[in-house]
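One structure is given below, encoded as structure tokens.
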Amino acid sequence: MELGLYGIIAVAVIVAVAAFSKRLGIAAPIILVVVGVALSYLPGVPDIEVPHEIILDGLLPPILYAAAVAVPVMDFRRNLAPIAGLSVALVVVTAFATGTLLFFLLPDLNYAAAVALGAIISPPDAVAATSIGRRLGLPPRLLTLLEGEGLVNDATALVLLRSAVAAAAGGLASPWAGVADFLYAAALAIVIGIVAGIVTVWVRSKLSDPVLDTALSLAVPFVAFTPAEYIGASGILAVVVAGLYTGHAAPRAFSPQSRISDRINWRTIQFLLENGVFLLIGLEIRTLIEDADPEVFSVEASFGIGLLATVVLIVIRYLWVGPLIVALRLRERHAERTTYRALLALYYFRAHPSRTKREARMRNRLERDYGRRRGDLEQQRQERIDWRGGIVLGWAGMRGVVTLAAAQSLPEDTPYRPQLILIAFTVAVASIVLQGGTLPWLIRVLGVQGVDAREDRREIAELLETLSNAGIEELERVVSESDRPYDPDVVERARQSTFLRTEAAWERVDRGRNEVDTPHRLFRELRLTIVAAERQKMLELRALGNHPSRILAEAQALLDLEETRLQRRPGAH
22 MELGLYGIIA VAVIVAVAAF SKRLGIAAPI ILVVVGVALS YLPGVPDIEV PHEIILDGLL
82 PPILYAAAVA VPVMDFRRNL APIAGLSVAL VVVTAFATGT LLFFLLPDLN YAAAVALGAI
142 ISPPDAVAAT SIGRRLGLPP RLLTLLEGEG LVNDATALVL LRSAVAAAAG GLASPWAGVA
202 DFLYAAALAI VIGIVAGIVT VWVRSKLSDP VLDTALSLAV PFVAFTPAEY IGASGILAVV
262 VAGLYTGHAA PRAFSPQSRI SDRINWRTIQ FLLENGVFLL IGLEIRTLIE DADPEVFSVE
322 ASFGIGLLAT VVLIVIRYLW VGPLIVALRL RERHAERTTY RALLALYYFR AHPSRTKREA
382 RMRNRLERDY GRRRGDLEQQ RQERIDWRGG IVLGWAGMRG VVTLAAAQSL PEDTPYRPQL
442 ILIAFTVAVA SIVLQGGTLP WLIRVLGVQG VDAREDRREI AELLETLSNA GIEELERVVS
502 ESDRPYDPDV VERARQSTFL RTEAAWERVD RGRNEVDTPH RLFRELRLTI VAAERQKMLE
562 LRALGNHPSR ILAEAQALLD LEETRLQRRP GAH
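The sequence shown begins at 22 in the working numbering and counts up one residue at a time.
If you want it as structure tokens, here you go:
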């Protein structure tokens, strides 16, 4: 009864704060942390301490899977180098730098345990940053970097934490053993994630019932997470890889009803779990303060070290982001040179007709390579991150979910354990409130502009025109090659995408007619033919990379809605 009551209160608070935060202009995670702290000090509220296994093993996999499914693989691939720099290299550097600081500040703490705490506070949580960025219209590439970093850095930090804890307990023979453990966990997780994604996508593609498909999708994060953790790999990275594969394969493998259901259900799950964890951060503060023994190390000193670590984290991040922005500009220049060389090679093959099958295959490969490189270059130019975007990227490094759970996973015999947990929570709360609270102001002051809504409308119109042309060509081919007597009026209705629901209703009333001959049936078949051709053209354009992923996602959603509307409902006539 008590758990059910707490759950109802938590959901009510989360929904109310989310609705209120939109009017206030403040990200919901920030308000939830503050509300959680206030609620924890109300009379009658019990001490709250959630076991870290519930968050790390139960909540984090679906949270990251929901985020990974929504990240376009095309954008992730284009920004793989900067994402890897932020989510792997920066996390490792930050863990050792802050670990060294804590090692000197806490005399009884060995270096490996200090690095373990550094790994706990090193991964930024991109939930609050991306929610603010989407509302204020940050550039898509900046959001992609934040989302990609938030997906992978958790895996890096947790694997590093595991190695540091093992080293502190004497379980690693040398630093090279820690490096080998890290590489083993990452490589095996990628393999398991890909296998889990392929298997679950194949199974789900055989299900025609969206309810069954959605029910199975809820198990996918744990299908990837559980075996990876069992054999010592990174379960979190396996979940991310499985999510990226599933999101990329969904347009080709799943029905439109399943895709629409997936989007709604996983957005709801992500909303409740992410915001619920931020509420827990605030609720647990009182318990953490009471657990800290002032005779060992005072609460005030723990807060002070946490604030100092927050400053150090911000400085380290800016020292990393500055050269990263320069590297992105150099990478764009390199892309310009490689695209120009690909164009020259293509011109040569176009000027010299192919005489053998090998030369024809080479020309086709060059065509695809040039199209992909040109698409990448155009997107880099349109979504270039300048120094203002670099300032926003540096300030968006807020800590959150993983810091909350990983801090409580420290072994019980770790020196200063309650104080270390309090330090980690101080870093999380301070970064969420300070950086998250001022990020909207910083974005407005710097004048960082996101996408041009008018330009997006123009581009989606151009894309839909291209898809429609492909659909009309398929319609004309089917009509011309078919022996069936298509009524010209029906063909024109399909061409103009005019659909009358009332006519379909009257046709269902007249069940004595052979439905194959009804205009509604023929119209539906023709429209489905057009939509299928349009979807195939969209997949081809996605492979070329000539359109932004947000434009392709919007086109896919429109096709899903139309295909769902046209397909026969079970039991309909």
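Don't be surprised by glycine CBs; every beta carbon is placed ideally from N, CA and C.
Express the C-alpha separation of residue j and residue i in angstroms, rounding to a whole number.
i	j	result
glycine 492	tyrosine 361	33 Å
tyrosine 595	glutamate 495	Missing from the structure shown is residue 595; the chain here goes from 22 to 594 and no further.
valine 66	leucine 60	7 Å
valine 113	alanine 348	19 Å
glutamate 555	leucine 488	5 Å
aspartate 312	threonine 435	14 Å
isoleucine 285	valine 261	19 Å
leucine 26	asparagine 100	44 Å
arginine 358	aspartate 390	14 Å
glycine 421	alanine 137	17 Å
proline 64	threonine 424	28 Å
valine 469	threonine 165	15 Å
leucine 618	alanine 88	Because the chain spans 22 through 594 in this model, residue 618 falls outside it and cannot be assessed.
alanine 525	valine 552	Legend: pLDDT at alanine 525 = 43, less than 50; position of this residue unreliable, value from coordinates given subsequently. Those two C-alpha atoms are separated by around 19 Å.
leucine 80	alanine 116	24 Å
alanine 428	isoleucine 141	6 Å
isoleucine 599	glutamate 70	The first residue shown for the chain is 22 and the last is 594, placing residue 599 beyond what the model contains.
aspartate 68	glycine 120	30 Å
tyrosine 241	alanine 217	The question names tyrosine, but residue 241 is valine in the sequence shown. Approximately 8 Å, taken between the alpha carbons.
glutamate 433	aspartate 78	19 Å
leucine 123	alanine 426	20 Å
proline 82	valine 58	26 Å
isoleucine 257	aspartate 202	15 Å
glutamine 577	glutamate 583	10 Å
arginine 595	proline 72	Residue 595 lies beyond the residue range present for the chain, which begins at 22 and ends at 594; the question has no answer from this structure.
glutamate 168	valine 512	45 Å
valine 332	serine 319	20 Å
glutamate 561	leucine 431	49 Å
leucine 460	aspartate 146	14 Å
valine 32	alanine 40	12 Å
alanine 274	isoleucine 281	13 Å
glycine 46	serine 108	28 Å
alanine 118	proline 272	43 Å
leucine 126	isoleucine 75	31 Å
leucine 387	alanine 363	7 Å
leucine 294	leucine 24	16 Å
alanine 91	alanine 135	35 Å
leucine 263	tryptophan 197	Position check: residue 263 holds alanine in this sequence, whereas leucine was assumed. In a straight line, the C-alpha of alanine 263 is about 29 Å away from that of tryptophan 197.
methionine 95	aspartate 283	20 Å
alanine 110	asparagine 490	46 Å
Measure the beta-carbon distance from residue i to residue j and round it to whole angstroms, keeping in mind my assumption that it falls under 8 Å.
i	j	result
alanine 210	alanine 249	5 Å
alanine 206	glycine 253	7 Å
isoleucine 213	alanine 245	6 Å
leucine 130	tyrosine 437	6 Å
isoleucine 51	glycine 457	5 Å
proline 315	serine 279	56 Å between Cβ atoms; not a contact.
valine 336	leucine 163	Their Cβ separation, rounded to whole angstroms, is 21 Å, which puts valine 336 and leucine 163 out of contact at 8 Å.
alanine 102	arginine 350	About 13 Å; that fails the 8 Å criterion.
isoleucine 346	isoleucine 406	6 Å
Please classify residue i as buried or exposed, where buried requires at least 16 neighbouring CB atoms within 10 angstroms.
i	result
threonine 221	buried
proline 144	buried
threonine 267	buried
lysine 558	buried
threonine 523	Because the pLDDT of threonine 523 is 34, which lies under 50, any placement of that residue in the model is unreliable, and the question is left without a value.
glycine 415	buried
valine 450	buried
leucine 85	buried
histidine 269	buried
glycine 411	buried
alanine 515	buried
serine 238	buried
tryptophan 287	buried
Would you say the stretch 378 to 388 touches the stretch 300 to 319, given that touching needs at least three Cβ pairs under 8 Å?
no
Is there contact between the stretch 157 to 174 and the stretch 221 to 240, where contact requires at least three CB pairs shorter than 8 Å?
no
4-residue-minimum alpha helix (DSSP H) runs that sit fully inside the stretch 211 to 259, ordered along the chain:
231 to 238 and 241 to 251
Taking 8 Å as the threshold, find out whether the stretch 313 to 326 comes into contact with the stretch 429 to 449 through three or more Cβ pairs.
yes
Does the stretch 543 to 551 come into contact with the stretch 496 to 504, if we say contact requires no fewer than three beta-carbon pairs (one atom in each stretch) closer than 8 Å?
yes
Taking only runs that begin and end inside the stretch 114 to 149, name each unbroken alpha helix (DSSP H) of 4 or more residues, in chain order.
132 to 142
Every unbroken alpha helix (DSSP H) within the stretch 444 to 476, with a cutoff of 4 residues, ordered by chain:
457 to 467
Uninterrupted beta strand (DSSP E) stretches inside the stretch 39 to 76 (no shorter than 3 residues)
none
Continuous alpha helix (DSSP H) assignments of at least 4 residues falling wholly in the stretch 81 to 114
81 to 91, 94 to 99 and 101 to 105
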